[in-house]
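Data first, discussion second: the structure below is written as structure tokens.
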Amino acid sequence: KAGVTQTPRYLIKTRGQQVTLSCSPISGHRSVSWYQQTPGQGLQFLFEYFSETQRNKGNFPGRFSGRQFSNSRSEMNVSTLELGDSALYLCASSEETAMNTEAFFGQGTRLTVV
Amino acid sequence: EDKVVQSPLSLVVHEGDTVTLNCSYEVTNFRSLLWYKQEKKAPTFLFMLTSSGIEKKSGRLSSILDKKELFSILNITATQTGDSAIYLCAVGWDSSYKLIFGSGTRLLVRP
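Protein sequences, first through last, are from chains A and B.
For the first sequence, the working numbering assigns the number 19 to the initial residue and increments by one for each residue that follows.
For the second sequence, the working numbering assigns the number 798 to the initial residue and increments by one for each residue that follows.
This is how it looks when you write it as structure tokens:
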């Protein structure tokens with residue numbers, strides 16, 4: 019069974035640019051959650067999608083957005099990048115919700131904004 | 798405000814020692830508490846706890862939840878260098894579809 023795949027693994031962008039990150043969940047999993055991890059803040063919840071519907075969103079500015087496709091793959095987009103957006107972005111896949119069962123995390127995308 | 802606090806922030810022990818990691822939380826309509834281990838990038842699942850007083854065990858690791866006092870502990874006995882990692886505690890609550898993570902405990906096990 020293939021794991022959670024995140025692409026790209028590493029990304030360097032300049033301030034003001036935008037970026038799109040991708041997450042392919044485990045086959046059969048319909049819930050995808052996104053987290054931002056920084057040394058100072060730990061894992062911060064960004065959003066959660068289930069069957070193409072966003073069920074919750076974290077306290078991040080509107081520059082952060084996401085979506086989920088009918089095959090459960092998910093993307094997140096960050097527009098007008100700021101230096102503070104540099105972080106490891108992790109996605110987690112679960113059958114229904116990460117609250118009720120084991121969630122499987124991808125290896126993350128390391129975003130560096132210069 | 799919902800929050801999860803882990804202690805200690807970091808811990809250095811020697812192989813063979815026993816460690817106890819703590820996680821306290823303040824969440825309305827608690828649903829579950831989960832422990833994850835993060836060695837490099839992808840956290841891996843350890844336990845999910847929903848009921849008080851019932852110990853979950855996997856090899857040398859065990860965990861228990863106290864819903865009255867709002868905390869959980871993760872015990873690791875006979876530690877090994879491979880246990881070196883960040884241990885994350887996360888809490889979910891009804892209808893939230895999200896987890897709040899604590900800042901983690903960084904454990905270093907020396908040979």
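Beta carbons are placed, not taken as given, at the ideal position from N, Cα and C, and that holds for glycine.
Since the structure is predicted, the reported quantities are computational estimates derived from the model, not experimental observations.
Any chain A beta carbon closer than 8 Å to residue i
i       : result
S893(B) : yes
F898(B) : yes
K800(B) : no
G901(B) : yes
Closest residue to residue i among the options (Cα-Cα distance)
i       : options                            : result
C134(A) : A116(A), G21(A), E113(A)           : This structure gives no information on residue 134(A), because the portion of chain A shown stretches from 19 to 132.
W890(B) : E866(B), V816(B), G813(B), T825(B) : T825(B)
S821(B) : I861(B), T847(B), L867(B), K853(B) : L867(B)
R828(B) : I873(B), R857(B), A887(B), P805(B) : A887(B)
Check whether residue i and residue j have beta carbons under 8 Å apart
i       : j       : result
A882(B) : Q125(A) : no
Q36(A)  : L106(A) : no
L55(A)  : C109(A) : Residue identity check: residue 55(A) is Gln in the sequence provided, not Leu. No, the pair does not count as a contact, with Cβ atoms beyond the cut-off.
S49(A)  : F68(A)  : yes
V819(B) : S804(B) : The sequence given here has Asn at residue 819(B), not Val. A contact, by the Cβ cut-off of 8 Å.
M94(A)  : L896(B) : no
L64(A)  : G76(A)  : yes
Minimum Cβ-Cβ distance from residue i to chain B less than 8 Å
i       : result
S51(A)  : yes
G126(A) : yes
E66(A)  : yes
L61(A)  : yes
F82(A)  : no
F78(A)  : no
R73(A)  : yes
Scan the region 87–121 of chain A for residues whose Cβ lies nearer than 9 Å to a Cβ of chain B and list them as they occur along the chain. L106, L108, A110, T115, A116, M117, N118, T119, E120, A121
Report the residues of the region 840–869 of chain B with a CB closer than 8 Å to any CB of chain A, ordered along the chain. P840, T841, F842, M845
Select from the region 804–835 of chain B all residues with a C-beta closer than 9 Å to any C-beta belonging to chain A, and list them in chain order. R828, S829, L831, Y833, Q835
Length-filtered (4 minimum) alpha helix (DSSP H) runs lying within the region 33–64 of chain A: none
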